[in-house]
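What follows is one structure encoded as structure tokens, with my remarks underneath.
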Amino acid sequence: MDEEAFRAEFNKKSVFRQASSLDLSYVPDKLYCRDDELRELIHTFRRIIDESQQPSITTLLTGKGGVGKTVTARFFGRNFKKIAIEEGIDLFIEYFNCINFRTKSMILRELLSKYTHGSGRGYSDDEAIKLILSQLIREKGYILLIIDEIHLLDPKDVWALLDISESFGHQNAKLSILLVARTKDWIRIETERILSRLNSKIKLAPYNYEESLKILKYRSDIAFKEGVVSDNILEMISQIVVEHGNMRHGIEILRKCGLYADKESFDNITAEMVREASNEVYPTFRDDIIDKLSDHELLALYGICQSLKITDESYTIVDDSYKEYQAICEAYDVTPHVKMSFRKYIRQLNKLKIIASKTVRISEDKRGRRLEITLLDIPSGKLIELLGNLFFIKFK
Ligand SMILES: Nc1ncnc2c1ncn2[C@@H]1O[C@H](COP(=O)(O)OP(=O)(O)O)[C@@H](O)[C@H]1O
Ligand SMILES: [Mg+2]
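Each residue of the sequence shown is one higher than the one before, starting from 1159 at the first, in this note's numbering.
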């Protein structure tokens, strides 16, 4: 590549409006579908603003990976700070992810250097806390600590953090803590002692299909230019999100598809790009599933893939994939089964989560319904190659 080509690549049109909005640390202006949880957070922490005593409050946010714990915590922190400042309270929000801060000492040293402008060195943890808290009292400030991935701390450190207000007196501890952890990780460190320090525990459930669609639509409107991501594509990604209960995959798929489209000079995101990205983000497709399928289920799967590849839509329908199924059967001298059996194979593939299918109404008429079939995790091209090789050994 010479300089001119290098420049030309930079001057290419991009599908993105704001690519950085798909970074994991980005917090959107609106948080959809978490109203209940936010309301609970508001009413748990509002005493800090409402009461002159300014109590210390400790709350835990849990849920599976990718359900929006981090974004909910940060969204809450950002808006809570705004309200507090309006009410004349100098609230500081400090966010720590324990991936970067592995001990209580590291967290305290960071706070100490920030609030007392010292290096934080040479103090014990207890001295450090004392210095931070007295500084807060002097300046009439208050800290809300958000500690993410808390399970990465030693349980003793967790306990010591939660015990600050006990050890230093409720009047003196101008500090509250919002803990964040995946449910599975939290269970490993939870003890009676830690539990007794929690004011409340809020659990986030994975988003359902409608919620995922709404969130992805909002996020893609921020990230992409108009017309780049069609509703069909958003529906497809929502299905993947619901399948794994993980919104992170959805955001990651959007990001990867956008980068790919830019690199290959496409104006919009296609179904095959989504499958390719999904396969990278979440390589769920296990070859051993293939071993569990009967010959005709495999041939049916091939038919579906072929038909998806031809249409380049996000989905295909039974009639089209049945035709491709018949064609591949003939190619290998296998007698195709009737369409009724073919439908049965589709149901089986659906049950094994190799494909996803849904019935869609296309007119008011009772019979105006059709089954839309799609592949979620693996690009049809890849599966065609895999099955093609297999058939070559099986049927030749
Ligand atoms: N309600 C929501 N609205 C907008 N984006 C969301 C929402 N919930 C999750 N996300 C996005 O999904 C991704 C995963 O969320 P995150 O908070 O990191 O999950 P967790 O911390 O539970 O693993 C992030 O990119 C986040 O911005
Ligand atoms: Mg998180």
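Beta carbons are placed, not taken as given, at the ideal position from N, Cα and C, and that holds for glycine. Values in this document were obtained by computation on a predicted structure and should not be read as measured data.
Here Ser1396 really is in contact with Leu1371; their C-beta atoms are around 4 Å apart, less than 8 Å. The set of residues with any CB-heavy atom separation to ligand 2 below 6 Å comprises, in chain order, Lys1227, Thr1228 and Asp1306.
Exposed is the label assigned to Phe1164, since fewer than 16 other Cβ atoms lie within 10 Å of its Cβ. Within a 10 Å sphere around the beta-carbon of His1454 sit 16 or more other beta-carbons, which makes this residue buried. Contact check for Ile1304 against Ala1231 passes: the beta carbons are separated by less than 8 Å. Annotation: Ser1210 to Ser1282 spans about 30 Å, alpha carbon to alpha carbon. In this structure Ser1354 is not in contact with Thr1202, their Cβ atoms being roughly 17 Å apart against a cut-off of 8 Å. As the crow flies, the alpha-carbon of Leu1374 is around 7 Å from that of Leu1392.
Per DSSP, the continuous alpha helix (DSSP H) segment holding Ser1292 begins and ends at Asp1283 to Glu1297. Relative to the non-hydrogen atoms of ligand 1, the Cβ of Arg1377 comes within a distance shorter than 7 Å of at least one. Beta-bridge analysis with DSSP links Lys1516 to Glu1530. By the C-beta criterion, the stretch 1468-1478 is judged to be in contact with the stretch 1424-1433, since at least 3 inter-stretch pairs fall below 8 Å. For Ser1334, DSSP records a beta bridge to Leu1302. Contact annotation: Leu1199 and Phe1254 have beta-carbon atoms that are not nearer than 8 Å. Cα atoms of Asp1208 and Glu1245: separation of roughly 9 Å, rounded to the nearest angstrom. For the 8 Å CB-CB criterion, Asn1508 and Gly1223 do not form a contact.
Rounded to the nearest whole angstrom, the C-alpha separation of Thr1274 and Gly1408 is 41 Å. Rounded to whole angstroms, Gln1464 and Met1394 show a C-alpha spacing of 18 Å.
For Leu1356, no beta strand (DSSP E) encloses it, and the DSSP letter there is neither H nor E. One thing to note: Ile1287 has its Cβ no nearer than 8 Å to the Cβ of Phe1259. Excluding residues up to 5 positions away in sequence, Ile1206, Tyr1300 and Lys1332 lie with their Cβ nearer than 7 Å to the Cβ of Gln1212 in the same chain. In the three-state DSSP reduction, Asp1208 falls in the helix class (H, G or I). Look at Tyr1480: its beta carbon is at least 7 Å from all of the heavy atoms in ligand 1. Checking the 7 Å criterion, the Cβ of Cys1191 is within range of a heavy atom belonging to ligand 1. The shortest C-alpha to C-alpha distance from Ile1486 to any of Leu1466, Lys1497, Tyr1460 and Phe1500 is the one to Tyr1460. Less than 8 Å divides the Cβ of Lys1383 from the Cβ of Arg1175. Annotation: the continuous beta strand (DSSP E) that includes Tyr1253 extends over Asp1248 to Asn1255. Going by DSSP, Thr1220 is part of the beta strand (DSSP E) stretching over Thr1216 to Gly1221. With contacts defined by Cβ atoms closer than 8 Å, Thr1220 and Trp1344 form a contacting pair.
The nearest non-hydrogen atom of ligand 1 is less than 7 Å from the C-beta of Val1225. In this structure, DSSP gives Thr1474 an extended state, which the three-state scheme calls strand. Spanning the alpha carbons of Gly1276 and Leu1291 requires a straight line of approximately 15 Å. Between Ile1352 and Leu1302, the C-beta spacing is not below 8 Å. Nearest in C-alpha terms to Ile1322, of all of Leu1289, Tyr1365 and Phe1238, is Leu1289. Per the C-alpha coordinates, the member of Arg1267, Ile1308 and Ile1542 positioned closest to Thr1216 is Ile1308. Counted as a single uninterrupted DSSP element, the stretch harbouring Val1496 is not any alpha helix (DSSP H), since DSSP gives it neither H nor E.
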